[in-house]
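In the UniProt record's numbering, the protein residues as written are 1 to 157. Even glycine gets a Cβ: it sits at the ideal position worked out from N, Cα and C. Here the structure is a predicted model, which is why all the values come from computation and not from measurement. Following: one structure in structure tokens, then a few remarks.
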């Protein structure tokens, strides 16, 4: 059976169960790991454990606040382990847990797909944006007062 058929069947099964969204494993986990930063952080930690400052350097454009928040979420979900060595200042190292390591295969599949299809997605976005501009311009031309003379244009205000 093809992958798209299997996905369709699973979705139909979820609908029959009428699951509360908080109980849906796919929606629940994708809400957590599908954010802007989680996959990048998991990828960075896949190579080796890292300290906070190294993650801040390695993950571009992430604020320290967002890095802290994302690491805390990944730790809460059991994907990341936080180890604090008592020293002054404390040395904190982050690493993948066995559960986080088990996500490497599915994550690699998603990354492979993204790298293979990114150009096609960008082209589709450009086509869509151009079609939206063309449609918007045609609506503007129809709605423009210059395009439609008023019945009482000779009245002076």
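- Item | Limits of the beta strand (DSSP E) - the one that residue 85 falls within | In the chain shown, counting from the first residue as 1, residue 85 sits at position 85. In the DSSP assignment, residue 85 falls within the unbroken beta strand (DSSP E) covering 80–85.
message: Less than 8 Å between the beta carbons of residue 42 and residue 100, yes or no?
response: Working through the chain shown from its first residue, we reach residue 42 at position 42. Working through the chain shown from its first residue, we reach residue 100 at position 100. Yes; because the gap between Cβ atoms is below 8 Å, this pair is in contact.
message: Just to confirm, is the Cβ distance from residue 59 to residue 40 under 8 Å?
response: Counted from its first residue, the chain shown places residue 59 at position 59. Counted from its first residue, the chain shown places residue 40 at position 40. Their beta carbons are under 8 Å apart, which means residue 59 touches residue 40 by this criterion.
Open item on the list: Can you tell me where the alpha helix (DSSP H) holding residue 38 begins and where it ends?
Closed with: Indexing the chain shown from 1 puts residue 38 at position 38. Residues 38–47.
Burial state of residue 70, where buried means 16 or more other Cβ atoms lie within 10 Å:
Within the chain shown, the letter at position 70 stands for residue 70. By the 10 Å Cβ count, residue 70 comes out buried.
Would you mind sorting residue 94 into buried or exposed? The rule is 16 or more other CB atoms within 10 Å of its CB.
To locate residue 94, count along the chain shown from 1; it is residue 94. Buried, by the Cβ-count rule.
Assuming residue 84 and residue 97 make a contact with CB atoms under 8 Å, what is their CB distance in whole Å? Here residue 84 is taken as the residue at index 84 of the chain shown, counted from 1. Here residue 97 is taken as the residue at index 97 of the chain shown, counted from 1. No, residue 84 and residue 97 are not in contact; Cβ-Cβ is about 16 Å, not under 8 Å.
Next on the checklist: Which of the three DSSP states is assigned to residue 63 in this structure?
Outcome noted: Your numbering for residue 63 matches position 63 in the chain shown. Note: residue 63 maps to coil in three-state DSSP.
- request: Identify whether residue 97 lies in helix, strand or coil by the three-state DSSP scheme.
  value: As a working note, residue 97 is residue 97 in the chain shown. Looking at residue 97 - three-state DSSP - the assignment turns out to be coil, as it is neither helix nor strand.
Q. Between which two residues does the alpha helix (DSSP H) harbouring residue 13 extend?
A. Here residue 13 is taken as the residue at index 13 of the chain shown, counted from 1. 3–17 is the span of the alpha helix (DSSP H), which, as asked, contains residue 13.
Per DSSP, which one or two residues make a beta bridge with residue 92?
-> Taking the chain shown and counting its residues from 1, the one referred to as residue 92 is at position 92. Paired residues: 84.
- Task: Label residue 113 either buried or exposed according to how many other C-beta atoms from any shown protein chain fall within 10 Å of its C-beta, with 16 as the threshold for buried.
- Result: The residue you call residue 113 lines up with position 113 of the chain shown. Of the other Cβ atoms in all chains shown, fewer than 16 fall within 10 Å of the Cβ of residue 113; this residue is therefore exposed.
(message) By the DSSP assignment, the alpha helix (DSSP H) with residue 103 in it spans what residues?
(response) Counted from its first residue, the chain shown places residue 103 at position 103. First-last for residue 103: undefined, no H or E at that position.
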